[in-house]
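S.K.:
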Amino acid sequence: MEKRNIISGFWMLLLFSALGSALEIWLGKTNFMTPEGMQATRSALSSAHSHALCLSFANILYGLSADVLVKGGWARKTSSYMIMIGTIIFPFAFVGEVFIAEQFIFLAPVGGAIFLLGLLVALVGHYTKAK
13 MEKRNIISGF WMLLLFSALG SALEIWLGKT NFMTPEGMQA TRSALSSAHS
63 HALCLSFANI LYGLSADVLV KGGWARKTSS YMIMIGTIIF PFAFVGEVFI
113 AEQFIFLAPV GGAIFLLGLL VALVGHYTKA K
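Adding 12 to a residue's 1-based position in the sequence shown gives its number in our numbering.
(1) Is the beta carbon of Val133 sitting closer than 8 Å to the one on Met94?
(2) Among Ser91, Leu27 and Gly124, which one has its Cα closest to the Cα of Val136?
(3) Can you grab the Cα-Cα spacing for the pair Leu129 / Val122, in whole Å?
(4) Report all residues from its chain with a CB closer than 7 Å to the CB of Ile101; omit the five preceding and five following residues, and keep chain order.
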């Protein structure tokens, strides 16, 4: 099951990269907005594109941590979920900052900390052979 996550994560990464780049190029060539609106749209699109790419990486890391680092036990599930949650929260801070309010930026270090703790749990589980 986890190998499918790794493969689908790579496909998602390619797809989101291509779609995000195509949208940015298309927006750059059209002249239906004011320069200020265009800049705001580009900024929001860039943040959304980053969020999609981070979700792709989360899918890959979820598969890697569950399949390669930890073969079973409590550390497998814990690290997988922590890595997934951290990689979702971290870019959401930047998307929230653009779309909602600047106060959302405080979520970035929270997501990063959860992500790093997930990697630490995976490594501890791997080296202690957690069951």
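C-beta: ideal position from N, C-alpha, C; glycine also.
M.R.: Looking at the atomic coordinates:
(1) yes
(2) Ser91
(3) 11 Å
(4) Leu119, Val122, Gly123 and Ile126
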